[in-house]
Amino acid sequence: MDKFVIEGGNKLNGRVKVSGAKNSALALMPAVLLTSGKSVFNNIPEVNDIFTMSKLLKHLGVVVDFNSHNLELDASNITSQDAPYEHVKKMRASVYVLGPLLARFGYAKVSLPGGCAWGPRPINLHLEAMKKLGAEVNLEEGYIVAKAKKLTGAQIHFDVSSVGATGNAMMAASLAKGNTLITNAAIEPEITLLAEYLKKCGVSIDGIGTKTIEIEGTENISGTDFNNISDRIEAGTLLIAGAITNSNIAIEFPHHEHLNSLIWKLEETGAKLLINNDIIEIDSTNNEIESIDVSTDVYPGFPTDLQAQWTALMSLSNSTARVTDSIYSDRFKHVPELVRLGANIEVIDNSAVIKGVKELKGAKVMSTDLRASASLVLGGLAAKGTTEVLRIYHLDRGYQRIEEKLSQLGARIDRVKTTEF
Ligand code: EPU
């Protein structure tokens, strides 16, 4: 078990490169199950969720070769259509194998993911989409069992915009017979990228990047080489690290348009943001942190995956801010831990009401989930004295060696072995 020991209260400076995006990689990887060939993805981050998805794909018969951010996947010889609990319980994104397995083999058995650290995360929309495409879907002894002789194109409307359900529906529709129209589709960059991959593999897709996607199913899909995007949530976390420590830092991140909602909010706090080609610089050296409300929303709104980090930033703001999570109403497990660092936060319904304090003070805190951990690291960087962040295995699911990037920016942060749990 590892923990972070952070000596906080220092300014950061310098430049750091953002890793490849976890959530797009987690959508691209299962898509190879549709293909009877090889795909090579580059810019894949070395994080535990990618290793978990690799293990699941290997279990299904995919040949996996992961070498310095290049991930080669060969799905020519699939030997199982069964995604067992031991893999799925570790990571909800495992449910992405449902659509492609069902579409290619007419059968998929996928464990139900179970609870999530911060509250309910249903998968009803994934199942409804499979049924619309003609599958018979049953829940048996903790498993989703889906069958269909051949999926057939259909109209699928999502009442709630869902990244995962849109991805699953797009993958399944790619091998269905005929035309599928998906409305109120998610337009998160990770899903747009999945659509671009499917198109490059030979699937006919219209409306990529819009809320209405039309797919003409095909018989055979070939693999291809494909570039992953960089991680907008890691990029956003690093920018907030600059803001919370009143620093001037730069990140190498080629898709600033993926982060507009955060960039505009950071400007409202008084920070100066400068975008120059692939570099985003934040200068927060001369400003108090203004208290700025945010409400999370689907893309291009403010991402729920940056809500915890924003809550940490607002802890040191000059007045009161309300941070509302409209995607996950219970995603506030970081709040009691930030309070241990001296923050003044009250959770009311799906909002954190944050009264800014003059300073945070180092303490022992515990990670409860991926983004909560990131917010505690940010709190620790700003807090005076020593902060220990326990259970950072949550953080290792989605941030590639964040301590090295932060050290490169001058932070005093060490990964230390511990028996504390
Ligand atoms: N929803 C349903 N039914 C469903 C699916 C979703 O009601 O069948 C609801 C959810 O409860 C939620 C909303 O729809 O309120 C959106 O959930 P979505 O399906 O979009 O989330 P997801 O696909 O399970 C992905 C990311 C999450 C990120 C969310 C929202 C991946 C692997 N995960 O999850 O990322 O928070 O979209 O943007 O792409 C993270 O990286 O820390 C993370 C949790």
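In the numbering used here, the protein residues as written are 118 to 538.
Note that beta-carbon positions come from the ideal geometry of N, C-alpha and C, so glycine has one too.
For clarity, every value in this text was computed on a predicted model and none was experimentally measured.
As assigned by DSSP and simplified to three states, the class of residue i
i    : result
M208 : coil
A200 : strand
M118 : coil
F222 : helix
K475 : coil
E313 : helix
L523 : helix
R518 : coil
E245 : helix
R508 : coil
L376 : helix
E124 : strand
A577 : Because the chain in this structure spans residues 118 to 538, residue 577 falls outside the shown range and cannot be described.
T485 : coil
Heavy atom of the ligand EPU within 7 Å of residue i beta-carbon
i    : result
E258 : no
E305 : yes
H375 : no
A528 : no
S279 : yes
Y510 : no
P217 : no
N241 : yes
L145 : no
P417 : no
I261 : no
N140 : yes
A282 : yes
P162 : no
T428 : no
A210 : yes
Y516 : no
R238 : yes
Y445 : yes
D395 : no
Per DSSP, the bridge partner or partners of residue i
i    : result
N365 : N130, D400
G137 : S347
A263 : A225, V254
T297 : I332
L190 : S156, V181
I273 : I299
L391 : E398
S412 : T441
Rounded distance between the beta-carbons of residue j and residue i, thought under 8 Å
i    : j    : result
V205 : S228 : 4 Å
D395 : F370 : 7 Å
S432 : I471 : 6 Å
A271 : E253 : Rounded, the Cβ-Cβ distance is 14 Å, inconsistent with contact.
L379 : L423 : 6 Å
G259 : V212 : So it is not a contact: roughly 13 Å between Cβ atoms.
N296 : E331 : 7 Å
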